[in-house]
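Protein chains in written order, with this note's numbering: chain X, 39 to 392; chain Z, 39 to 392. Quick reminder that beta carbons are idealized off the backbone N, C-alpha and C, glycines included. I have placed the structure first, in the form of structure tokens, so that the comments after it can refer back to it.
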């Protein structure tokens, strides 16, 4: 048993997650936390589960950051800025204290980066590691950015690149690792010295340390530029299908316009999933997928360089999503990325947000 | 693979957790929920983990209720009433759809009972079942009921009986089960027809379906009767130690005054942990442990019959907790109930609330 005892763990939590936010009236250490809240509060929860979302040796610090940032991403997709979080950790008896220290450090770093107070949590023995985070935040405009507001004729935009996180997952499952300093290690443990090392390390960083875009989301919400928004957590195809179902519309996107991550071609072609599949069906990019009414398109175009925005298609009448390829327009299936099964999440129970 | 696919699960969640609370502005189905909040919000999180807190065959419906009610208990111990919850479920591929249905039904029943809206959640594949709930609520008075307000001379009260949940755990680990209808089954599966069946079934119900006391907590908070409070989740001894540490005081309790559950003597003496140990160190009773200044003692005495309150001791100067037994006053160790190891939570990592 390598973990410190209960009281030591709670004390470690309290001290690691000291906050300077003045709206935390009672923080870690009592039966519950008390915080000041605005008249409307946005809340979400998202978990990382060992064996489904990660393996323990992928790097505890980055996983700790990710446990927070995937929740920040959900709130950003509502046009909300995160303020407070609760962290529940499942900890196996054989987990090393170093791993836990690094994980907590990562949570703390992400909380600092996004200005979030960790207001409380729960620690429990568990057969495998899990981190379940609940997050609270405030809307940056009167109305939330829902999935359901897209209308025919709206342009479809995505921020950042597509497929990098899935490419990183592919590399991790092959045995590639990144050091805490950022260096790439080949399967087997040797440090990589090839020309493409930095590109491959970047793909893995995209998987382990996604960077949601609360600033972009706030701006879209405040200036009412977007009619609908969702974060790309389960892949462009699946998340666009969700947005269309919620809005009661269809969509037509252009394969040539997709901002496929440039580093994906660096993955050895022999065992590489097709780059287009990674971009369309690969999850966890955590960019923002949003729609813009025609009369506001110019203002979004002006923001494009600053936030790496790409117009990828248009909302249509009717249902379903189609994609224009060299062969013409064809239906885009509503599926996530299950190429890595059985190591990856079971195909029939992918990440589901209730 | 017996679980329905992702979309079906989310739809099931949405429909199972439909709420009539008007302060849910956006519920299940978008990236996050939006709720109306008072100017101060109380929040907590607590998880149930398979193998640590339960085994799957203990009864899914009652476990679903428990996942909610243990969180209601945390908020009650702050003098707060629960209003909204998020549920994150880890679901193994081999989990039966019936089990999940019953678990969700139990969550729904508890939510109905306490007037809580399930505002969102997350579903993830996982090697073992876990349910991590985050709960929000509002204070029933200007100030929260903290652990830290006890002062020397305050009386110590506890609500309900002690040890029943630990007795129920003992029976469950021996193979006793209760049917959904409430009947007792002996280890091996036969229905019990002995005279003590109802007593044993009641102990198991205490373990699987604890009933927190938000009405008592609200009243104590509203009328400012309690100086400090904590819920008895980890056993009287450990939770009283916590209250004393937070308050910077000691405590003296009277063994003869403890409301030890009367059904505990029905457990076969041959392999029964000492009844006093169950009452002192057995967790999960989820009664309220609170302290009352001398000048308010009469008002609490008047409430005693209605809420099954028992005065068990007094807060003292200095640190440490002592118990008066037939042998005189002796130190009460700061430990939880670890007699069931290794089946029960590992002794060195019991339930820890951060």
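(request) Would you kindly check if the distance between the Cβ of residue 124/Z and the Cβ of residue 80/Z is under 8 Å? (result) no
(request) Label residue 391/X either buried or exposed according to how many other C-beta atoms from any shown protein chain fall within 10 Å of its C-beta, with 16 as the threshold for buried. (result) Any reading at residue 391/X must be qualified, since the residue scores a pLDDT of 45, below 50, and its modelled position is unreliable; the value itself is stated next. So residue 391/X counts as buried.
(request) Give a yes or no on whether the C-beta atoms belonging to residue 238/X and residue 214/X are separated by under 8 Å. (result) yes
(message) Helix, strand or coil for residue 112/X? Go by DSSP, reduced to three states.
(response) helix
(request) Have a look at 208/X, 134/X, 251/X and 329/X and flag the residue whose alpha-carbon is nearest the alpha-carbon of residue 306/X. (result) 208/X
(message) Please tell me whether residue 325/Z has its Cβ less than 8 Å away from any Cβ of chain X.
(response) no
(message) So, under 8 Å CB-CB, residue 173/X and residue 82/X are touching, yes? Tell me the CB distance rounded to an integer number of Å.
(response) 6 Å
(message) Please tell me whether residue 304/Z and residue 204/Z are closer than 8 Å, where the distance is taken between their beta carbons.
(response) Residue 304/Z is not a Cβ neighbour of residue 204/Z, given a cutoff of 8 Å.
(request) Just the C-alpha distance for residue 57/Z and residue 156/Z, rounded to the nearest angstrom, thanks. (result) 7 Å
(request) Note down the Cα distance separating residue 23/X from residue 216/X, rounded to an integer number of angstroms. (result) Any property of residue 23/X remains undetermined from this structure, which presents chain X solely from 39 to 392.
(request) Kindly confirm or deny that the segment 115–130 of chain Z and the segment 254–265 of chain Z touch, where touching means at least three C-beta pairs closer than 8 Å. (result) yes
(request) With a threshold of 16 other CB atoms inside 10 Å of the CB of residue 382/Z, please say whether the residue is buried or exposed. (result) With a pLDDT of 39 at residue 382/Z, under the threshold of 50, the modelled position of this residue cannot be trusted; read the value that follows with caution. Buried.
(request) Identify the contact partners of residue 165/X in chain Z, using a Cβ-Cβ distance below 7 Å as the criterion. (result) 89, 165 and 166
(message) Suppose contacts are defined by Cβ-Cβ distances below 8 Å. Is residue 160/Z in contact with residue 84/X by that definition?
(response) yes
(request) Residues of the segment 333–364 of chain Z with a CB closer than 8 Å to any CB of chain X: list them in chain order, please. (result) Here the close residues number zero.
(message) Taking the beta carbon of residue 126/Z as the centre, do at least 16 other beta carbons fall within 10 Å, making it buried, or is it exposed?
(response) Answer is buried; the Cβ neighbour count reaches 16.
(message) Using 8 Å for Cβ pairs, my map puts residue 296/Z next to residue 316/Z. What's the rounded Cβ distance?
(response) That pair is no contact at about 10 Å.
(request) Check the Cβ of residue 75/X against every Cβ in chain Z and list those closer than 8 Å, keeping chain order. (result) 75, 76, 77, 78 and 79
(message) Buried or exposed, going by whether 16 or more other CB atoms sit within 10 Å of the CB of residue 27/X?
(response) Any property of residue 27/X remains undetermined from this structure, which presents chain X solely from 39 to 392.
(request) Use the C-beta contact count for residue 219/Z: other C-beta atoms within 10 angstroms, 16 or more gives buried, fewer gives exposed. (result) exposed
(message) Taking contact to mean 3 or more Cβ pairs, one atom from each stretch, closer than 8 Å, check whether the segment 84–95 of chain X and the segment 84–99 of chain Z are in contact.
(response) no
(request) List the residues of chain X that residue 300/Z touches, going by C-beta distances under 9 Å, in chain order. (result) Result: empty, since nearest Cβ-Cβ is about 28 Å, beyond 9 Å.
(request) Closer than 7 Å, Cβ to Cβ, to anything on chain Z: give me those residues from the segment 257–288 of chain X, in chain order. (result) 268 and 269
(message) Taking CB distances under 8 Å as the criterion, tell me whether residue 112/X reaches chain Z.
(response) yes
(request) Take the Cβ of residue 340/X as the centre, count every other Cβ of all protein chains shown within 10 Å, and call the residue buried at 16 or more, exposed below. (result) exposed
(message) Within 10 Å of its beta-carbon, does residue 55/X have 16 or more other beta-carbons around it, so buried, or fewer, so exposed?
(response) buried
(message) Taking the alpha carbon of residue 167/Z as the reference point, which residue from 134/Z, 88/Z, 241/Z and 181/Z has its own alpha carbon closest?
(response) Of the listed residues, the one whose Cα sits closest to residue 167/Z is 88/Z.
(message) One question on the structure: do residue 186/X and residue 326/X come within less than 8 Å of each other, judged by their Cβ atoms?
(response) Cβ distance not < 8 Å, so residue 186/X and residue 326/X don't count as in contact.
(request) Tell me whether the beta-carbon of residue 283/X lies closer than 8 Å to the beta-carbon of residue 319/X. (result) no
(message) Suppose the cutoff is 7 Å on Cβ atoms and the five residues either side in sequence are ignored; what does the same chain contact list for residue 165/X look like?
(response) 130
(message) So residue 124/X contacts chain Z; which residues on that side make the cut at Cβ distance below 8 Å?
(response) 81, 82, 83 and 172
(message) Going by C-alpha to C-alpha distance, which of 229/Z, 134/Z and 351/Z sits closest to residue 294/Z?
(response) Among 229/Z, 134/Z and 351/Z, the Cα nearest to that of residue 294/Z is on 351/Z.
(message) Between the alpha carbons of residue 52/Z and residue 67/Z, how many angstroms are there, rounded?
(response) 7 Å
(request) Please classify residue 39/X: is it buried, with 16 or more other beta-carbons within 10 angstroms of its beta-carbon, or exposed? (result) Residue confidence for residue 39/X is low, a pLDDT of 39 falling below 50, so the modelled location carries little weight; the figure read from the coordinates is stated next. Exposed, since its Cβ has fewer than 16 Cβ neighbours within 10 Å.
(message) Please determine whether the Cβ atom of residue 202/Z lies at a distance below 7 Å from any heavy atom of the ligand ZN.
(response) Annotation note on the ligand ZN: not contained in the displayed structure, which lists no ligands.
(request) Note down, in chain order, each residue of its chain lying with its Cβ closer than 6 Å to the Cβ of residue 279/X, except the 5 sequence neighbours on either side. (result) 359 and 372
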